[in-house]
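Residue numbers (the working numbering): 1451 to 1764. Even for Gly, the Cβ is constructed at its ideal location relative to N, Cα and C. None of these values were measured; they are calculated from a predicted model. Working notes, structure below.
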Amino acid sequence: MSVEFSPQLKQTFEDIRSMKVRGAGRLARAAVASLKEEVFYVNDESVDKFAMRIQKAGEYLKSSRPTAVSLPNGINTIVKSVQKGIQMKLDLDQLKEFVSKTADDFIQKSIEAQKKIGEIGAKRITNGDTILTHCNSQSALSVIKTAFKEGKSFKVFATETRPRYQGRLTAKWLADEGIDVTLITDGAARLYMRKVDKVVVGADAIAVNGAVVNKIGTSTVAAIAKESRSRVMVAAETYKISPQTYFGELIEIEIRSPYEVAPKGWLDKHPKIKVLNPAFDVTPPEYIDFIITEKGIYPPQGIIMLFKELYEVQ
Ligand code: RUB
């Protein structure tokens, strides 16, 4: 069955693909909000046609960017709620209301999770700390901002995060809050790491073995932090845990355009130069001290337990 998607759904796909909407939590919420609108886009002839339409819309949105597991996890919550509603024998109108409410709940819980992560993580920030953060993570920033609101005094280094410079956004957000922030190049991280007590980063995906996929450069920062005996804290909602990794699948790393690394004109002049532009990398569990979730703080090796609890795996 071919499905006609609404203009707003196509726009959300485009916004995620082009990174107008970015960051794992935000893109999950944007996709779920878009699916909620899609629910009411058509007067479906039957429950089955509605279920098929939402399933296809979900698959379409999932293909917008490959790495952040929050995206399929958020979408699956909605698609599964359709199946659940069908099992509950809801009629079409009731089913649509049920799915719409599930979407609202997901978004609400996602926002609450980031707040909770901030409250839990802030307990690990102490007066006088120097913190380093990489990229632009709402969950990591929730930790830093909450600690600041609690009256703690600290300094932050924000790495610029080449090639898309999300670190500038981080530096701006922190400066706007009145937090002492210094923007540094990614390559300067080792030079300043000896001054850093704690690294706080977010995650796009967490494997069940506790490895963390986050913005390219995160694993380098974590390795340098280990060398310097600085703590590495990852702030991430539980919907960033990848269930597929339990079944042996690897998390796909998005490879982006070479023109984000060097301008097209320059690369055209030097056709022998190849460019690789991975958007994310994998930080092994042994480089991470703990992962702050809305359910509490876990050592990376404890993520498997959390996963089993959340997904009711024996
Ligand atoms: C963003 C990035 C962020 C995580 C976590 O990458 O790597 O650290 O997504 O963010 P991109 P949050 O800019 O390529 O989307 O905590 O906001 O979910």
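| Query | Result |
| --- | --- |
| Within 8 Å, strictly: CB atoms of leucine 1619 and isoleucine 1594 | no |
| DSSP bridge partner residues for aspartate 1731 (one or two, in chain order) | Asn1664 |
| Beta-ladder partner(s) of lysine 1605, from DSSP | Thr1580, Asp1630 |
| Tyrosine 1642, DSSP secondary structure in three states | helix |
| Cβ contact check for the segment 1505-1518 and the segment 1648-1663: 3 or more pairs under 8 Å | yes |
| CA-to-CA distance, alanine 1563 to aspartate 1592, given in whole angstroms | Checking the sequence shown, residue 1592 turns out to be serine, not aspartate. Serine 1592 and alanine 1563: Cα-Cα distance of roughly 10 Å. |
| Status (buried if at least 16 other CB within 10 Å, exposed otherwise) for proline 1457 | exposed |
| Same chain, Cβ closer than 7 Å to valine 1631, five either side skipped, listed in chain order | Val1606, Ala1608, Ala1621, Leu1624, Ala1625 |
| Valine 1763 classed as buried or exposed, judged by whether at least 16 other C-beta atoms fall within 10 angstroms | exposed |
| Proximity below 8 Å, CB of isoleucine 1536 to CB of alanine 1507 | no |
| Proximity winner among Ser1692, Trp1716, Asn1727, relative to leucine 1756 (alpha-carbon distances) | Ser1692 |
| For lysine 1745 and threonine 1688, believed in contact at Cβ under 8 Å, the rounded distance | 6 Å |
| Contact set for valine 1471: own chain, Cβ-Cβ below 8 Å, skip 5 residues either direction | Thr1462, Asp1465, Leu1477, Ala1480 |
| Serine 1560 beta carbon less than 8 Å from that of phenylalanine 1548 | no |
| Aspartate 1654 Cβ short of 7 Å to the ligand RUB heavy atom set | yes |
| Reference valine 1497, options Ile1528, Lys1539, Thr1695, closest by Cα | Lys1539 |
| Assigned secondary structure, glycine 1473 (DSSP; H/G/I helix, E/B strand, else coil) | coil |
| Beta-carbon gap between arginine 1640 and isoleucine 1666 smaller than 8 Å | no |
| Contacting residues, own chain, Cβ-Cβ under 8 Å from glutamate 1704 (five flanking each side not counted) | Arg1515, Pro1516, Thr1517, Pro1728, Ala1729, Phe1730 |
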